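Asks: This is the structure I have questions about; it appears just below.
Protein chains: 2
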Amino acid sequence: MGFVIASVGHAAAVAFEEALTPHGLHPRHFAVLKGLRGGEAQSQQQLAAALGIPASRLVGLLDLLVERGLVERQDSPTDRRVKLVRLVEAGRTALDELIAVAGQSERRVTAGLTAEDKAELRRLLGVVHANVAAEAGGTRTRVW
Amino acid sequence: MGFVIASVGHAAAVAFEEALTPHGLHPRHFAVLKGLRGGEAQSQQQLAAALGIPASRLVGLLDLLVERGLVERQDSPTDRRVKLVRLVEAGRTALDELIAVAGQSERRVTAGLTAEDKAELRRLLGVVHANVAAEAGGTRTRVW
DNA sequence: TATTGTTATACTCTATAACTATA
DNA sequence: TATAGTTATAGAGTATAACAATA
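The listed protein sequences correspond, in order, to chains S and R.
One rule links them: number in our numbering = place in the first sequence (from 1) + 106.
One rule links them: number in our numbering = place in the second sequence (from 1) + 106.
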């Protein structure tokens, strides 16, 4: 059972990754964009901490998003070491599109399931999630 | 939902991996041992193909299992290029233990679920699995 | 020539450790 | 001294290509 969940989960992740490929992005970038969704500019340190990744790893992800014109880095007016990062208008549009892509991928993944099925699946996975979370203790369980 | 499945699946995989750690093995080795469960000696090529991994990758996995005295390589009597691989008695014992470990991990993961819950979860995951399998086309979806 | 097991090479991904510029 | 962003370094993991022995 654990293997089945892991296998299906992996396949679902791959499916989403492939759905993002035409957009030239990876789920990681999607996660970064979602982290900026609020709209308030934040430092890279803050964002990295919120995403649970090293700041050094965020650099490259932001580089691509900036290059694509989805995100902008601006110097902090109060601390010249800090760069404030935020979504630009095109980034907000792109994020909306990517959310739609995620929704489509979601519908393909859950095709053939009734609303009750989905609710039940969510409930059952919730139980399993609680079990494995308790098991893992403080272990990081980021997927991307 | 796809994210939830992926996340839970990843956590379940990590949990199993950790359950195997005290035994000094990785899920990959468990998979290799299971591939040899039948008892018939097979060539490394056959085994690698059955596991869906490159033969070059199997070498290191077998090296460790041989070093542990769980598996033996013997020269083929009919083809001197071939090495026939099979479980040794200690390997069979170890495999039984590891299967028990997997069962314990399984029970922890599914704690709090009734038999009906488990059956339902299996059914729902089966549907999702069929969906993502169809999606993936020929894409490999090995987990380990 | 082709195939078996093996080793070497190259590539990806990642975390940690430097590094610079500020504070 | 300490912190921000960045870059460099090093390690794990893996697939592919090369290799020697044999068919």
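Using N, Cα and C, we set each Cβ at its ideal position, and we do this for glycine too.
Predicted model, so just to flag it, every value in this text is computed and none were measured.
Where S:Glu146 and S:Thr184 are concerned, what is the direct C-alpha to C-alpha distance, given to the nearest angstrom?
Replies: 16 Å
Asks: Just the C-alpha distance for S:Gly152 and S:Lys140, rounded to the nearest angstrom, thanks.
Replies: A small correction: the amino acid at residue 152 of chain S is Gln; Gly does not occupy that position in the sequence shown. Cα-Cα distance, rounded: 14 Å.
Asks: Give the interface partners of R:Glu241 over in chain S, defined as CB-CB distance under 7 Å, in chain order.
Replies: Ala121 and Arg214
Asks: Taking Cβ to Cβ, would you say R:Leu142 is nearer than 7 Å to R:Ala154?
Replies: Their beta carbons are not under 7 Å apart, which means R:Leu142 does not touch R:Ala154 by this criterion.
Asks: Residues in its own chain within less than 8 Å of R:Arg246 by CB, not counting five upstream and five downstream?
Replies: In this predicted model, R:Arg246 has a pLDDT of only 49, less than 50, meaning its place in the structure is not dependable; the value taken from the coordinates is given anyway. Cβ within range, chain order: Gly158.
Asks: So, using beta-carbon positions, are S:Arg179 and S:Lys189 closer together than 7 Å?
Replies: yes
Asks: Can you check whether the C-beta of S:Val188 is within less than 7 Å of a C-beta belonging to chain R?
Replies: no
Asks: Which two residues bound the contiguous alpha helix (DSSP H) that contains S:Asp169?
Replies: Ala161 to Glu173
Asks: What's the call for S:Pro133, buried or exposed, on a 16-neighbour Cβ count within 10 Å?
Replies: buried
Asks: What's the gap between the Cα of R:Ala236 and the Cα of S:Ala117?
Replies: 10 Å
Asks: Which of helix, strand or coil does DSSP assign to S:Val207?
Replies: helix
Asks: Which value, in whole angstroms, describes the spacing of the CA atoms of R:Ser162 and S:Val238?
Replies: 34 Å
Asks: By Cβ distance below 7 Å, which residues in the same chain neighbour S:Ser113 in space, the five residues on each side in sequence not counted?
Replies: none
Asks: Just checking, does the region 198-205 of chain S make contact with the region 192-212 of chain R on the three C-beta pairs under 8 Å criterion?
Replies: no
Asks: Assign S:Arg246 to one of three DSSP states: helix, strand, or coil.
Replies: Residue placement at S:Arg246 cannot be trusted, given a pLDDT of 49 that sits under 50; the coordinates are not used to answer.
Asks: Using 7 Å as the limit for Cβ to Cβ distance, is S:Leu142 near chain R?
Replies: no
Asks: R:Asp223 CB to nearest chain S CB: under 7 Å?
Replies: yes
Asks: Excluding the five sequence neighbours on either side, which residues of its own chain have a C-beta within less than 8 Å of the C-beta of S:Val234, listed in chain order?
Replies: Ile111
Asks: Going along the chain, which residues of the region 124-150 of chain R sit with their C-beta nearer than 7 Å to a C-beta in chain S?
Replies: none
Asks: Helix, strand or coil: how does DSSP classify R:Ser149 here?
Replies: Strand.
Asks: Check whether the Cβ atoms of R:Ala125 and R:Ser182 sit closer than 7 Å, and answer yes or no.
Replies: no
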